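Colleague: The UniProt record's numbering applies: residue 1 is where the sequence shown begins, and numbers increase by one. Cβ coordinates follow ideal geometry from the N, Cα and C atoms, glycine included. Here the structure is a predicted model, which is why all the values come from computation and not from measurement. What follows is a structure written as structure tokens; I'll ask about it next.
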Amino acid sequence: MRETLGRWIADAETHYAIEDFRLEAQLSQLDYLEDRTTDLYYSLVGELFDMVRAGAGDPLDWASLGRALDSMSRELEEGARADALFFAAVAFYLGGYPASAVMMMRRADPQYWETEIQRAAHELLTRPANPVESATLALVDSVRSGTAHIVDAAVAAAQTGAAQALETGPEEWVANRLYLALLQRFQQTNLRTVLPDGTAGRWDPLVKSFLDRRQPVWDFFPSQIEAIEAGLLTSEQSYSLQMPTGAGKTALTETLIFDHLTRFPGSTAVLLVPYRALARELRGSVGEHLSTMGLRTRTVYGGTVPGAEESEDLDEVRVVIATPEALTGLVGAHPELLTTVSLVVCDEGHLLDSGARGVGLELLLARLKARTPSPRVVFVSAIVPNVEEINIWLGGSDQTVVRSNYRPSIAEFAVLRPTGAGGQARVGLELHEPSTSVSSYTLPDFLRPQDFHFTNPSTGRRNTYPYSSTKTRAVAAARKALTLGPVAIFAMEKGGDRGAVGLANELLKQLETGLDLPSPLDHVGDAALVESAADYLAREFGNEWVGTRSLRAGAIVHHGDVPQETREVLEELVSDRHIRMVMCTSTLAEGVNLPLRTMVLYSVKRSADGTAPVPMLARDIKNLVGRAGRAGSSTRGLVICANPDDWEVVSPVAEGQAGEPVEGALIDLIRRLQRALARAQQPLTNGVLEENELLFSLVDGVDAALIELIRDELGADEFAEVAETFAAETFAAAKGSDQEEALLLNVFGLRARRLVEMRDVGRLTLARATSARPRLVDRVIDDLIPRYSAWGTATSPLDPGLIGVFVTWALEQPGFQNEAETAYRNTEVTDVGASLAQLLLGWLEGRTFGDIAVRLGVSIDVLLRIHAKVVLFDLVTLIEQAVALIQEHATEFGEALSPVVAAFPDYLRFGVSTSAARELMARGVRHRSAAIALGADPAMLTPMSIFAPPRSIARELLDDEYTWLPRLGTLVYRRTVADVAVRRPA
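Set out below in structure tokens:
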């Protein structure tokens, strides 16, 4: 792009940004733009045709051109505006930004176009589910049926049409020439062209799935094309893909899994995802898509011991979507599954570095690749700079690494720059846009003293709201960004003054003061739907909870302590564009895709216990900010760094610099263990390994891998050698020094000897049969079982004795007491055990969080912290392991375990106390309150109900909307109707 035009575009962007943010700044250097709209427009169109004639161009130049034409369209009216959007769409499409092209073209009004060619171009880029233009119908039918010659013929006809249009007139030639360019691009990027042997009939189910989606997919993104052309679908080697967030990883994964399983019909594919929230999301997208293609899919994320629903009919399952810990449990209980797994896709692979989760993931991958034959592994991450190392470890080569910098939308970065002090301080917005050819520029007076003036209602005087804090400025900046679209404010912490809760309180305080800044409530979509969600929050958490108050003010609070069912409700409000403001932590970056236009970084440094602030890793910032500017929702994303002192941490990400290499959490843990042993001057023993919470992920991962390898004929020394050979194949062994590798092998050797000891006394079979953790076997058999006499006769999960024995035993396990006390910090609770037992009873009884908080004498936010970390994670994990061992132990002695005890982990996980409610939750009912109410209905207990599954009974009950809608609340009723597949009343 010409330098002069680039500078002109940059100045115009500054002008339009001032308008977008509704600023009053007057910049004299932009005065030359006055009355130059037509000149700039003609220059942009001329540049477009120069680039079309050249037949190539930098994608970033195309993006800048498309964006400038989009901005320019605001100055034009009627047909001229439609033409500008048409040109913008062409620029985006030819530059490899099809999602942005679709957005542009959908905003153009085709009534102003008289020629069939223009209408055909409009349909080609708007991607309607049911095209009406014959040219578009032919193209879609060609892709659907695999008849490539139809697309070739269309291109040839367009070439002839463009040549003939030269003789008709300039307007006809413009339309024909641009349509030809679009067709030529489509010819190169459509599904059938890109897929290897794309016209083959075996692709038909995949292509049909793509074409028939609510947002039809007709062609591939450049990043997807790059991966396929690099052999992803034709090689049997392991691959690693480095693709930015939003670059099409999900659709590419579907294509990869479909291709593999149709070529190997007797095999199984595994999609590993790090978070339960992401697994749940993929169940409704990837899982449903693959199932409609004829590949039965099972999503497993409940816990470390698989439930009945997760284990049923596994021989018919072709695709397993699972978290690493859930897959470890599943293959532990069903080792035969591993014999069929021939493809493993590891999504968000950078989490190899993520603490206990990373240790478990590495050991699981090592276990899978150690099999003969080993499955093909495809490692996917947006942010691993040393992906080649990991790929070699997984069995790939330098030729099987695919790196792509493609993002379907443009990334802009900015930092708030204050000048002056006190009540006269002014804050400019310094914009940096390294991802396009547009220069950086500054918006002065982005925040002004006037923005913080208000009238004191009691005195009638004008006052100034204090705005020197980063938090106040972050919230104010986010409010200004509401005019652009959905905005998220990110905090590193959940609660407290510096967390997401603190941001929410700041927003509420600003709104109550009446500052003259945009209000989130003015940007609410469906007000009735939002109020139904607020009613749901009020029922569950109370009217005074900060999340309820925020939603009623038009914003949501989103962090890891908020229950999963609630987070899904809140996420849908944003994804469906009913709410525009989110105050969140990194949970919003854990795979959940929301149409965010702006991300405000309130804090990217964390300080614990008064220590010096520690910044986020650059790769984590990169993953987070990738959520701003989603394909199909906006053509660009804006990231605002609220604290100028944090810009030194954020700017390398803005400049596209490589982040920190992934070493792996396993080698990090080995190094920490090495330092601890040296400091304590003591040798490593199994006692040390089994008594230190920090090492549990290491011990459990090693044990799970070694159980698969142990044989009756192997003695302790022989099995230790086997274990050490396995250890040498880990990524940690490849990364560590000789001393670190020796310690790693020692750990494996010690665990091998421990497993042999358990085998020799007959207790290893308990762990093998249940997939429970070997380190817990003795603690359950010798300590827990003798404490309770009614394992076989318990009749209710509400039995205080049953609850009490589990809580008391759990608090005696290494690490759990510390976790519980940490969760209860800064409360007046003195008896943690009694409080936990009371919490569990209220949870199982079906009480709301508001009721339980009152019962415990803690705030809602403290209760959510305890519930999320202690109950739903640590305690459920311990209890599901214990119950599995108790049940197997009873079976060995010919005894039966009470059905209530056997199902107690599920009762605890779901927060219900009836078998019907438990099954409803296990079968997909999302709302606990609905499952409890339906599960307790007398219809579930009639003699005839024994032949009807609870879901079908629930369907019939929910037909009575008059009774159930007010009982459950509008939102829960509507969602539960969908969950049990009842057609909503007309």
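Can you tell me whether DSSP reads Ser435 as helix, strand or coil?
Modeller: Per-residue confidence for Ser435 stands at a pLDDT of 49, beneath the threshold of 50, marking its modelled position as unreliable; no derived number is given.
Colleague: Look at the alpha carbon of Gly854 and the alpha carbon of Gly792, and state the distance between them as a whole number of angstroms.
Modeller: Looking at the sequence provided, one finds Val at residue 854 rather than Gly. Val854 and Gly792: Cα-Cα distance of roughly 34 Å.
Colleague: Would you report the Cα separation of Tyr536 and Val625, rounded to the nearest angstrom?
Modeller: About 30 Å.
Colleague: Let's see if you can read the secondary structure: which residues bound the beta strand (DSSP E) around Thr255?
Modeller: No beta strand (DSSP E) holds Thr255; the alpha helix (DSSP H) holding it covers 249 to 263.
Colleague: Mapping DSSP to helix, strand and coil, what is Tyr536?
Modeller: The answer is helix: DSSP assigns Tyr536 an H, G or I state.
Colleague: What number of angstroms, rounded off, separates the C-alpha of Ile257 from the C-alpha of Ala665?
Modeller: For Ile257 and Ala665, the distance between alpha carbons rounds to 28 Å.
Colleague: List the endpoints of the continuous alpha helix (DSSP H) containing Pro457.
Modeller: It is not in any alpha helix (DSSP H) - Pro457 carries neither H nor E in the DSSP assignment.
Colleague: So, for Tyr16: in the same chain, excluding its five sequence neighbours on each side, which residues have a beta-carbon less than 6 Å away from its beta-carbon?
Modeller: So the qualifying residues of the chain are Ser71.
Colleague: Below 8 Å, can you find three or more Cβ-Cβ pairs linking the stretch 877 to 890 to the stretch 903 to 910?
Modeller: Yes: at least three Cβ pairs fall under 8 Å.
Colleague: Quick check: what's the CA-CA separation for Gly395 versus Gln118?
Modeller: Cα to Cα, Gly395 sits roughly 50 Å from Gln118.
Colleague: Quick check: what's the CA-CA separation for Asp35 versus Arg974?
Modeller: Approximately 53 Å between the Cα atoms of the pair.
Colleague: Could you check what DSSP says for Phe446 in three-state terms: helix, strand or coil?
Modeller: Note: Phe446 maps to strand in three-state DSSP.
Colleague: If I follow the unbroken beta strand (DSSP E) through Ser342, where does it start and stop?
Modeller: Looking at the DSSP string, the run of the beta strand (DSSP E) that includes Ser342 is 341 to 346.
Colleague: Going by the beta-carbon positions, is the gap between Ala538 and Met583 smaller than 9 Å?
Modeller: It is not a contact, given that the beta carbons lie outside the stated cut-off.
Colleague: Mind checking whether Val649 and Val722 have CB atoms under 9 Å apart?
Modeller: No, Cβ-Cβ distance for Val649 and Val722 is not below 9 Å.
Colleague: Which residues in the same chain as Asp219 place their Cβ atom closer than 7 Å to its Cβ, once the five residues preceding and following it in sequence are excluded?
Modeller: Counting only Cβ-Cβ distances below 7 Å, and skipping sequence neighbours, we find Pro98, Phe186, Thr189, Asn190, Leu191.
Colleague: Using a Cβ-Cβ cutoff of less than 7 Å, which residues in the same chain neighbour Leu573 once the five nearest sequence positions on both sides are dropped?
Modeller: Result list for Leu573: Val530, Ala533, Ile556, Ile579, in chain order.
Colleague: So for Arg371, helix, strand or coil by DSSP?
Modeller: Note: Arg371 maps to coil in three-state DSSP.
Colleague: Can you check whether the CB of Val662 is closer than 9 Å to the CB of Asn390?
Modeller: Sequence check: residue 390 is Ile here, not Asn. Yes, they are a contact pair.
Colleague: Taking Met940 and Ile953 to be in contact with their CB atoms under 8 Å, please state how far apart those CB atoms are, rounded to whole angstroms.
Modeller: That pair is a contact at about 6 Å.
Colleague: Is Ala120 buried or exposed, if buried means 16 or more other CB atoms sit within 10 Å of its CB?
Modeller: So Ala120 counts as buried.
Colleague: Specify, as a first and last residue, the run of the beta strand (DSSP E) that Val639 falls within.
Modeller: Element bounds for Val639: 636 to 641.
Colleague: Leu182 and Val102: beta carbons closer than 9 Å?
Modeller: Taking 9 Å as the Cβ cut-off, Leu182 and Val102 do not qualify as a contacting pair.
Colleague: Examine chain C for any beta-carbon lying closer than 9 Å to the beta-carbon of Tyr42, and answer yes or no.
Modeller: The structure shown contains no chain C, having only a single protein chain.
Colleague: Under 9 Å between the Cβ atoms of Ala269 and Leu278?
Modeller: Contact: no.
Colleague: Report the option in Leu178, Pro683, Val501 whose CA atom is closest to the CA atom of Ala54.
Modeller: Checking every option, the nearest Cα to that of Ala54 belongs to Leu178.
Colleague: What are the boundary residues of the alpha helix (DSSP H) that Met758 is part of?
Modeller: Element bounds for Met758: 738 to 760.
Colleague: Would the stretch 243 to 253 count as touching the stretch 298 to 312 if we require 3 or more Cβ pairs under 8 Å?
Modeller: In short, these stretches do not touch, since the Cβ pair count stays below three.
Colleague: Just the C-alpha distance for Asp442 and Phe413, rounded to the nearest angstrom, thanks.
Modeller: The residue asked about is misnamed: residue 442 is Thr in this sequence, not Asp. Taking the straight line joining both Cα atoms gives about 11 Å.
Colleague: With H, G and I counted as helix, E and B as strand and the rest as coil, what does DSSP make of Phe849?
Modeller: Three-state DSSP puts Phe849 in a helix.
Colleague: Please indicate yes or no: does the CB of Asp109 lie closer than 8 Å to some heavy atom of the ligand ADP?
Modeller: The ligand ADP is absent from the structure shown, which contains no ligands of any kind.
Colleague: Go ahead and pull the three-state DSSP assignment for Arg240.
Modeller: One point to set straight first is that residue 240 is Ser, not Arg, in the sequence displayed. It is a strand residue.
Colleague: Measure from the alpha carbon of Ala10 to the alpha carbon of each residue in Leu447, Leu69, Val45, Pro59, then state which is nearest.
Modeller: Ala10 has its Cα closest to that of Leu69, out of Leu447, Leu69, Val45, Pro59.
Colleague: Provide the residue(s) that pair with Met599 in DSSP beta bridges, ordered along the chain.
Modeller: Note: Met599 sits in a beta bridge opposite Ala488, Val639.
Colleague: Val378 and Leu343: beta carbons closer than 9 Å?
Modeller: The answer is yes: Cβ separation under 9 Å.
Colleague: For Asn623, which residues in the same chain have their Cβ closer than 7 Å to its Cβ, ignoring the five residues on either side in sequence?
Modeller: Result list for Asn623: Thr245, Ala382, Ile383, Ala589, in chain order.
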